[in-house]
Amino acid sequence: MSTCKTLLRICPKQRQPSPLPITQCRNESTTRRHKKLLALPEAPSYTLDRSSPTLIFNPPSSAPNVYHTPLKFLPKEDKRRQLYSNALQHSTTSALRHKASPITAPGTPLHTSSHLPPRPSSSLPTPVRAPYEKKYNLTDKEIAEIRTLRTQDPYTWTRAKLAEKFGCSQFFVGMVVKAKDRARELEKSHEEARRKWGARRREAREDRERRKALWGRDA
Amino acid sequence: MKRIVASRCASQLLAPPLPRHALCPFAAAKNAQRNITPRSHRIQARYQSTAAIRDDAGPGAEVPDYAASHLPEASKRRKINYAPEQLPSPHPRAAASSAKLHALRARLSLPERFPLQTLARTLVHPSADPNPYFNNASLSILGRHLLGYYTSEYLICTYPRLPMEVLFAAVEAYIGPKALALVAKEWGIEAAKEPGGEIEPGLLQFKRIPTGEGLPGSLRRQVPWNWNVTTTHKITKTDEFGSANAPPSAHALQQTPVPSEEAAQSFVRALMGALHVHLGSPLVKRFFRDHFLGRHLDVSTLFDFRTPTRDLSRVCAREGFESPVARLISETGRLSRHPVFVVGVYSGKDKLGEGAGSSLDEARTRAAAAALKAWYLYRPIEVTVPSSTEGELDTSKWRPNLIDCGEVIV
Chain A
1 MSTCKTLLRI
11 CPKQRQPSPL
21 PITQCRNEST
31 TRRHKKLLAL
41 PEAPSYTLDR
51 SSPTLIFNPP
61 SSAPNVYHTP
71 LKFLPKEDKR
81 RQLYSNALQH
91 STTSALRHKA
101 SPITAPGTPL
111 HTSSHLPPRP
121 SSSLPTPVRA
131 PYEKKYNLTD
141 KEIAEIRTLR
151 TQDPYTWTRA
161 KLAEKFGCSQ
171 FFVGMVVKAK
181 DRARELEKSH
191 EEARRKWGAR
201 RREAREDRER
211 RKALWGRDA
Chain B
1 MKRIVASRCA
11 SQLLAPPLPR
21 HALCPFAAAK
31 NAQRNITPRS
41 HRIQARYQST
51 AAIRDDAGPG
61 AEVPDYAASH
71 LPEASKRRKI
81 NYAPEQLPSP
91 HPRAAASSAK
101 LHALRARLSL
111 PERFPLQTLA
121 RTLVHPSADP
131 NPYFNNASLS
141 ILGRHLLGYY
151 TSEYLICTYP
161 RLPMEVLFAA
171 VEAYIGPKAL
181 ALVAKEWGIE
191 AAKEPGGEIE
201 PGLLQFKRIP
211 TGEGLPGSLR
221 RQVPWNWNVT
231 TTHKITKTDE
241 FGSANAPPSA
251 HALQQTPVPS
261 EEAAQSFVRA
271 LMGALHVHLG
281 SPLVKRFFRD
291 HFLGRHLDVS
301 TLFDFRTPTR
311 DLSRVCAREG
321 FESPVARLIS
331 ETGRLSRHPV
341 FVVGVYSGKD
351 KLGEGAGSSL
361 DEARTRAAAA
371 ALKAWYLYRP
381 IEVTVPSSTE
391 GELDTSKWRP
401 NLIDCGEVIV
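Just so you know, the sequences run in chain order A and B.
Read in this note's numbering, the first sequence has 131 at position 131, and its numbers run on one by one without any break.
Read in this note's numbering, the second sequence has 36 at position 36, and its numbers run on one by one without any break.
Take a look at the structure:
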C-alpha cells in the first residue's frame, strides 16, 4: 500500500488542461441505478385502494388445468356453456362501461346491453408450422405412374423426388408403393452408421428417445 | 323392468338356511346369555353367514357332503369339544371375546349389529381353512363384484369419455390388490405367522409362502391365450382390471401358499360382502364412499399418448370442429442452450390446450396431449350413479348420464 502511494506521488498524472469548465457530473450508471431504478412500483393487485380487507389472488403463470374443459369440448346440453357465455357477456359489458364515453355512461339512454357489439377479435398467435390445405390432387393415372416409376428404378425415383414431381407428400408415396429392397439396403447402411457411434452419442440418442416417449405421458 | 332384490343376490353364497322349526329352549337360553334378542331377522341374517350356528342347529340340520368330508367330527358328533389346536382356523365362539375384533369393529365405525363372528370369518383366507363355511372365499367373491360395480359406475359416470385402458387403470388404482392391501394396512390389520385354531381371531390368517420360494403357479402371470387379446375380451372375460387372463377363483386357492397382499385383498373384499349381507346396500355404499372414493387419484396422470397430434386431429374431425392448429404463444431463448416455447393448440379461435417445451416439436406434442386430456377428462356437473336409485321408489332425482360414443382409435 505504501509503495503504491509513493509511486503515485512520484509520477503524478499529466492532465491536459480542458477548455471546458470543470463541473461535477453524476451519471445514471451509479447512484440512480442503485437507488431509484430498482424502486419498482408494486404489482397492481397488491396496491389496495380500499381499507377493507380483500382477497389477493395472484397466481404464478402455469399451464392451464386439464380438468377445465374448453368451451368447444363441452356437450351441447351442458350448463357451463351458458355460464361461460354469461361471463363473457359480463366482461364485455364491464369493459365497455369502463371505456364508455360520457354519452353512453350508465343512466343515459344510450347505455344498453341488449345489442352488444361482437367481441373484438384478438389476433391469434402465429402458427408454429404454416397451415396447409389437403389437396387430394392425384388421379388414378398419376398414382399408377408413381408405381411404375418407383418399381422400375427406386434409386433414381426416390420418395422425395416423386413427391416433388407429383406435388404430394413423401408419406403418400410410401403409402402408394413400397420399395422393399431399397428400404432394406437403406436400413442396413443406417445400421452400419449406427455401429460406428461411440458410447456417448448412442446414449444421447437413446435418452432422447426416452424423453420423447414422456411427451405424451406427463404433459 | 323387473326389480332385483339385492339381498337375494348373495343367497347362493351363504350357508344353507336354518330349519323352519323353532329353536330349542336351550338354544334360546344360550342366545339370551349372549345378549342377543332371539327370533330376530338380524340373527337369521347373521346365522346365514356365520358358521357359529352349527352348534345350535337342530338335529334336522343337513350338512353338505363337502363339509362332512372335511370336518366329519364337528358335524356328526357335536358333543365333543375339540382342542383349538386341532382346528384349522379359530372357532367362531372365540370371536366374541377377542379384543382385536372389538377394536376393529369400533375403528371402522361399524354398528353393533354387525356380528364379530362374521368379522372373524372375513379374516380367514382359504389357504388357511379349506372349508368354505369357515373361510372368506364366498364373501370375497361377493365383495369383489360389489367393489368393481361401485368403482366402475362412479368412474364411468364421473368421466364419461374416459378410454377403456385408462378406466381399467383407474379401477385398479382404486380397488386393485395393492390398493386393497394398503387399505387393510391402514385399518390396522395384522397377519398371523401361521394359521391355526388356537391363535387370536383378530389376526389375518393365511398360509405364507416359505422363504426362497416363488409365487404359486396359479398366481403367476401367464402367457395370454391369444396374441391378440381384444378390449372386448378384457371387459367380458377377465377381471375388472382388464388383465389378459382371468385370476384364479377364490375357492381355488385352498392349501396354496399366497402372498400377504392376496390375503389382505381377500379380507377387504370379504368385509364388503359381509357388510352387504348384514347391513344392506345403503350402508355399504356409504362405507365405500368413505374408505375408497375418498382416496385421491389424479386420473390425468394415467394417460400415455403415443401420437397425440394425430389423435387430436381425429377427435376434431370426428366431432366436426375445425382442424387443430398449433400456435406459438410465447418463447424465450430461441438461440440459447435452454429455450422455452409455449405452444397452444387452437381449433378455429378456441384454445384447446397448451404446453411448454424446450423445442417447438415438444411443445406442440405436449399441447396436443393436454388438449386430448381435456377432451377425455370431461366431467358432467351433476352425476347420479345408477346404484343411487337402488331400492328407492322415488326416481325423480335420477338424471340420465352422458354416454359418449367412445375413444378415438387411430
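Quick reminder that beta carbons are idealized off the backbone N, C-alpha and C, glycines included.
Does the Cβ of residue i have 16 or more other Cβ atoms within 10 Å, making it buried, or fewer, making it exposed?
i	result
I141(B)	buried
C405(B)	exposed
F57(A)	exposed
M175(A)	exposed
T311(B)	The sequence shown places Asp at residue 311(B), not Thr. Looking at its Cβ environment, which holds 16 or more other Cβ atoms inside 10 Å, D311(B) is buried.
Q117(B)	buried
H90(A)	exposed
P210(B)	exposed
P223(B)	Note that residue 223(B) is Val in the sequence shown, not Pro. By the neighbour-count rule (16 or more Cβ atoms within 10 Å), V223(B) is not buried but exposed.
C316(B)	buried
Y82(B)	exposed
T23(A)	exposed
R220(A)	With chain A covering 1 to 219 only, the question about residue 220(A) has no answer from this structure.
I329(B)	buried
For residue i, name the three-state secondary structure that DSSP assigns.
i	result
I156(B)	helix
W398(B)	coil
K351(B)	strand
E331(B)	strand
F341(B)	strand
L149(A)	helix
P127(A)	strand
A163(A)	helix
Q255(B)	coil
L377(B)	coil
A326(B)	strand
G294(B)	coil
A191(B)	strand
L20(A)	coil
G174(A)	helix
L204(B)	strand
A96(B)	coil
A356(B)	strand
Y346(B)	strand
Return the residue from the list the options that minimises the CA-CA distance to residue i.
i	options	result
E218(A)	G355(B), L123(B) and A192(B)	In the sequence under discussion, the amino acid at residue 218(A) is Asp, which differs from the Glu named in the question. Nearest option by C-alpha distance: G355(B).
V128(A)	Y174(B), V325(B) and V229(B)	V325(B)
G353(B)	L214(A), P70(A), Q89(A) and D78(A)	P70(A)
K135(A)	T151(A), S169(A) and D153(A)	S169(A)
W227(B)	H296(B), P216(B), A244(B) and K100(B)	A244(B)
L216(A)	R314(B), L119(B), P308(B) and L104(B)	The question names Leu, but residue 216(A) in the sequence shown is Gly. Nearest C-alpha to G216(A): P308(B).
R144(B)	A270(B), L335(B), W187(B) and L302(B)	A270(B)
K212(A)	P88(B), P400(B) and D361(B)	D361(B)
Y174(B)	E322(B), T389(B), G294(B) and I381(B)	G294(B)
E319(B)	V408(B), A96(B), A179(B) and A181(B)	V408(B)
G188(B)	H338(B), A106(B) and E153(B)	A106(B)
K349(B)	F321(B), T365(B) and A363(B)	F321(B)
V343(B)	Y154(B), R327(B), W225(B) and R337(B)	R327(B)
P216(B)	T231(B), P247(B), T232(B) and V229(B)	P247(B)
L161(B)	P380(B), V410(B), K351(B) and S396(B)	Residue 161(B) is actually Arg in this sequence, not Leu. Ranking the options by Cα distance to R161(B), first place goes to P380(B).
Measure the Cβ-Cβ separation of residue i and residue j and say whether it is below 8 Å.
i	j	result
F166(A)	E133(A)	no
L123(B)	L204(B)	yes
K285(B)	S359(B)	no
S138(B)	P130(B)	no
L377(B)	V66(A)	yes
S347(B)	K72(A)	yes
L275(B)	F287(B)	yes
C157(B)	V299(B)	no
T332(B)	V340(B)	yes
P126(B)	Q265(B)	no
S281(B)	A252(B)	no
P88(B)	G202(B)	no
L108(B)	A120(B)	no
F303(B)	F241(B)	no
A268(B)	A184(B)	For clarity, residue 268(B) is Val in the given sequence; the question names Ala instead. Result yes, Cβ atoms of V268(B) and A184(B) sit closer than 8 Å.
S260(B)	A191(B)	yes
Tell me the start and end of each unbroken alpha helix (DSSP H) in the region 108-164 of chain B that is at least 4 residues and wholly inside, in chain order. 116-122 and 137-158
Jot down the residue ranges of each uninterrupted alpha helix (DSSP H) in the region 299-324 of chain B, minimum 4 residues, whole runs only, in chain order. 308-319
Output needed in chain order: residues of the region 61-93 of chain A with a Cβ under 8 Å from some Cβ in chain D. Protein chains in the displayed structure are A and B, and chain D is not among them.
If we require 4 or more residues per run, which alpha helix (DSSP H) segments fall completely within the region 232-290 of chain B? Inside the region 232-290 of chain B, DSSP marks whole alpha helix (DSSP H) runs of 4 or more residues at positions 260-279 and 281-288, from first to last along the chain.
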